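The opening position of the sequence shown corresponds to residue 4 in the working numbering, with each subsequent residue numbered one higher.
Just so you know, even glycine gets a beta-carbon here, dropped at the ideal spot from N, CA and C.
Values in this document were obtained by computation on a predicted structure and should not be read as measured data.
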Amino acid sequence: MPELSHRRRLLVLAICCMSLLIVSLDNTVLNVALPSMREDLGADVAGMQWTIDAYTLVLASLLMLAGSTADRIGRRKVFKTGLVLFTLGSVLCSLAPNLESLVAFRMLQAVGGSMLNPVAMSIITNTFTEPRARARAIGVWGAVVGISMAAGPLVGGLLVDSVGWRSIFWINLPVGLAALLLTIRYVPESRAPK
4 MPELSHRRRL LVLAICCMSL LIVSLDNTVL NVALPSMRED LGADVAGMQW TIDAYTLVLA
64 SLLMLAGSTA DRIGRRKVFK TGLVLFTLGS VLCSLAPNLE SLVAFRMLQA VGGSMLNPVA
124 MSIITNTFTE PRARARAIGV WGAVVGISMA AGPLVGGLLV DSVGWRSIFW INLPVGLAAL
184 LLTIRYVPES RAPK
């Protein structure tokens with residue numbers, strides 16, 4: 004891979020941070036929206052728990068597979084697929100007519116999410132080759148988790164209160180699309196050495 008300019012490396016980092024933001028934010032905003040979702044969908048508490056559990060189970064199950072697949076067939080390719088699936092899953096979640104559909108669409112989101120976090124880390128380590136720059140980039144990327152965890156309940160509460168629970172999934176659409184377009188333009192393809 005040719006050496007990237009400082010500006011382009013920062014853009015790649017920002018794109019990876021955007022993907023982490025939507026995946027991390029999604030879990031915390033959902034917790035705030037659960038009572039409203041439960042009432043609107045006529046679901047019981049156990050059913051609502053599946054909106055979180057199904058996502059977590061699928062995401063955790065596929066993390067290693069997504070990372071190793073990206074190393075073999077291309078990180079950018081898998082990252083783009085993850086952005087498409089996560090964003091599509093978010094849109095479908097916002098349109099879910101019932102609990103069963105919502106759980107299925109959350110699982111689709113999780114498949115996409117599993118392709119984002121481990122692959123973003125690989126993209127960052129491949130982009131920032133100098134140890135100090137790599138450490139700073141990983142630190143920034145990790146700080147996004149803290150920001151999203153802190154902002155999630157606030158953002159979720161504001162959206163649910165002012166627009167409704169479906170809006171918590173809409174916020175992923177512009178961020179996911181922007182990250183996808185920027186990935187196509189700025190993130191170089193890379194694979195693990197054979």
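Assigned secondary structure, residue i (DSSP; H/G/I helix, E/B strand, else coil)
i: A138; result: helix
i: A195; result: coil
i: V166; result: coil
i: V94; result: helix
i: V190; result: coil
i: F131; result: coil
i: E42; result: helix
i: M110; result: helix
i: N34; result: helix
i: P121; result: helix
i: N101; result: coil
i: S64; result: helix
i: D47; result: coil
C-beta atoms of residue i and residue j nearer than 8 Å
i: S117; j: L62; result: yes
i: L119; j: F89; result: yes
i: T31; j: S151; result: yes
i: G50; j: L91; result: no
i: V143; j: L24; result: no
i: D74; j: W168; result: no
i: S104; j: L176; result: no
i: R78; j: I126; result: yes
i: V15; j: T132; result: no
i: F82; j: A123; result: yes
i: T54; j: V114; result: no
i: P191; j: L7; result: yes
i: T186; j: L86; result: yes
i: L28; j: A154; result: yes
i: T128; j: R139; result: no
Rounded Cβ spacing between residue i and residue j (contact assumed at less than 8 Å)
i: P121; j: G70; result: 4 Å
i: S39; j: V163; result: 5 Å
Given 8 Å, three or more beta-carbon pairs between the segment 29 to 41 and the segment 146 to 166:
The segment 29 to 41, when compared against the segment 146 to 166, does touch it at the 8 Å Cβ threshold.
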